[in-house]
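In my numbering, each residue's number is its place in the sequence shown (first place is 1) plus 184.
For every residue, glycine included, the Cβ atom is placed at its ideal position computed from N, Cα and C.
Notes to accompany the following structure.
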Amino acid sequence: MACRITFVLFPGFQQLDLAGPMAVFEVARLARPGSYDWRLVASAPPAAHSSAGVAWPVQGLPRQLGSADLVMVIGGDGVDAACADTRLIRWLQRAGGSGARIASICSGSLVLAAAGLLDERTATTHWSRERQFATDYPAVRLQPDRIYVREPPVRGRLPEVWTSAGMTAGIDLCLALLAHDHGEDLAREAARQLVVERRRPGGQSQFSPLLELQRPEGRFAALLDEVRRDLRPDHGVEALAARACMSPRHFARSFRAETGATPAEVVERLRVEAARAALEGGAASVQRVALDCGFGNTERMRRAFVRRLGRPPAAFRRG
185 MACRITFVLF PGFQQLDLAG PMAVFEVARL ARPGSYDWRL VASAPPAAHS
235 SAGVAWPVQG LPRQLGSADL VMVIGGDGVD AACADTRLIR WLQRAGGSGA
285 RIASICSGSL VLAAAGLLDE RTATTHWSRE RQFATDYPAV RLQPDRIYVR
335 EPPVRGRLPE VWTSAGMTAG IDLCLALLAH DHGEDLAREA ARQLVVERRR
385 PGGQSQFSPL LELQRPEGRF AALLDEVRRD LRPDHGVEAL AARACMSPRH
435 FARSFRAETG ATPAEVVERL RVEAARAALE GGAASVQRVA LDCGFGNTER
485 MRRAFVRRLG RPPAAFRRG
C-alpha cells in the first residue's frame, strides 16, 4: 500500500522545503508505482501563500488522523507565527499520538518542538535557528551540526520523528526515508535521477561560516578579527582572555554566552574554513596550509577536517 503523506504548510512557508521532498517521492512513485501518495494541508484553507508570494491550494487539517502515515511539517520564514497557531499545534499533538510518523523540513522542527513532540528527544534544525531553538526549547537534545536526525518510535508512547537541517537537507532526509521504506537501491536511483548525492558528507558547520560572530557590534568581534588575520599563534583560552583583559574562566563563560560555542570550537572552525578555502583555491602544499592556518601539522588538520566537514583535507584539493 502507498505511504500516505500529509505535507503541513503555513503562511510564509519556503517553497523549496516542499518541492525538494515532493520531488524525491515523485521520482520514487514513478520508479515504483503506488509507493507514495500525498496531500497538502494547512490550518487556514483553501490556500497557503509561500514566502515567495505564490498561493498553493491546500485542504484543511484532516479530522481523521488515521488517513496519514507520514506527517511532514515544512519550514520557512512564517514558522514563528506557525508555532503560535494553537489549532495547528493541537492537531500536531493529536497526530503524534495517532501512530503516524512525524517529520519536519528545515525550521519546521520548531513547530514540532512547540507541539512538545521533540521533548527529551534528539533533533536538528537550520543552523541560523540554533540559538533560538536552544533558548525556546531547552528540553530538546539539539544536534545543530547534523544534516538530519531520525528518532525511532517508543512503543505506545512516542512516534518516530525525523528532522532535517536546511532546505536541501530535506532531500537528504527524504532519501533516507525512501531507503528505510523501500531499500537502498531505490534511494540510490532517486538520487541519480535528481543528480544529488545519496549520502552527503559532513555536517552543517561546512555551510555556516559563523555569521553571528561577524556582527560589528558583537562584544568579541574585534578579537575574532585578529584571530582571522593570523591563525598561526596560540589562540587558546588563556591567550584570548589575556587579549580581552578578562580572566580565562570569565572569558570562556562570556564567550559561550554570546556565540553559543566555546573559544576552542570557534578557533577550530575558523582555521578549518581558512584551510578549506586555501585548498579549494589551489594551494600547492597541504603542509604549508596546515602551518599557515595554525594546525601545526597535517595530522591535526586532518582530524579537524573530519570532525567539522566529514572529509579529509585531500578531498578539497582542487583537481
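- Best match in Gly494, Ser288 and Arg315 for proximity to Val333 [C-alpha to C-alpha]: Ser288
- Only counting runs of 3 or more residues, tell me where the beta strand (DSSP E) segments fall wholly within the segment 225-310, in order along the chain. Counting only runs of 3 or more, we get 231-233, 239-241, 254-257 and 285-288.
- Is Ile258 near Gln198, with beta carbons less than 9 Å apart? yes
- Using CA coordinates, which residue listed in Ala212, Ala406 and Thr347 is at the minimum distance from Ala297? Thr347
- Task: Grab the span of the alpha helix (DSSP H) containing Glu442 for me, first residue to last.
- Result: Pro432 to Thr443
- Message: If you reduce the DSSP assignment to three classes, tell me which class Glu368 lands in.
- Response: Correct three-state label for Glu368: helix.
- Query: If you compare alpha carbons, which of Glu335, Arg285, Pro217 and Gly292 is closest to Val263?
  - Reply: Gly292
- Item | C-alpha gap between Phe194 and Glu410, whole angstroms | 43 Å
- Message: Here's a check: name, in chain order, each residue in its chain whose Cβ is nearer than 8 Å to the Cβ of Ala232, leaving out the five neighbours to either side.
- Response: So the qualifying residues of the chain are Leu193, Phe194, Pro195, Phe197, Leu224, Ala226, Ala239, Trp240 and Val242.
- Message: Rounding to the nearest angstrom, what Cα-Cα distance links Arg399 and Ala441 in this structure?
- Response: Note that Arg399 has pLDDT 46, beneath the 50 cutoff, so the model's placement of it is unreliable and no number is given.
- Using beta-carbon positions only, say whether Ala374 and Leu362 come within less than 9 Å of one another. Cβ distance < 9 Å, so Ala374 and Leu362 count as in contact.
- Between which two residues does the alpha helix (DSSP H) containing Thr482 stretch? Thr482 to Leu493
- Message: Here's a check: name, in chain order, each residue in its chain whose Cβ is nearer than 8 Å to the Cβ of Glu401, leaving out the five neighbours to either side.
- Response: Here Glu401 scores only 49 on pLDDT, less than 50, and its place in the model should not be relied on; the value that follows carries that caveat. There are no such residues.
- Item | For Glu304, the nearest candidate out of Ala265, Gly218 and Glu335 (CA to CA) | Closest by alpha carbon: Glu335.
- Query: Among Pro337, Trp275 and Leu463, which residue has its Cα nearest to the Cα of Arg285?
  - Reply: Pro337
- Which first and last residues belong to the beta strand (DSSP E) in which Phe191 is found? Cys187 to Val192
- Query: To the nearest angstrom, how far is it from the Cα of Pro163 to the Cα of Pro205?
  - Reply: Because the chain is modelled from 185 through 503, residue 163 falls outside the range shown and cannot be assessed.
- Going by DSSP, name the residue or residues bridged to Tyr332. Tyr332 is bridged by DSSP to Ser348.
- Task: Report the rounded CA-to-CA distance for Asn481 versus Ala488, giving the unit in angstroms.
- Result: 11 Å
- Does the beta-carbon of His434 have 16 or more other beta-carbons within 10 angstroms, so that it is buried, or is it exposed? exposed
- Message: Using a 10 Å radius around the Cβ and a threshold of 16 neighbouring Cβ atoms, would you call Val379 buried or exposed?
- Response: exposed
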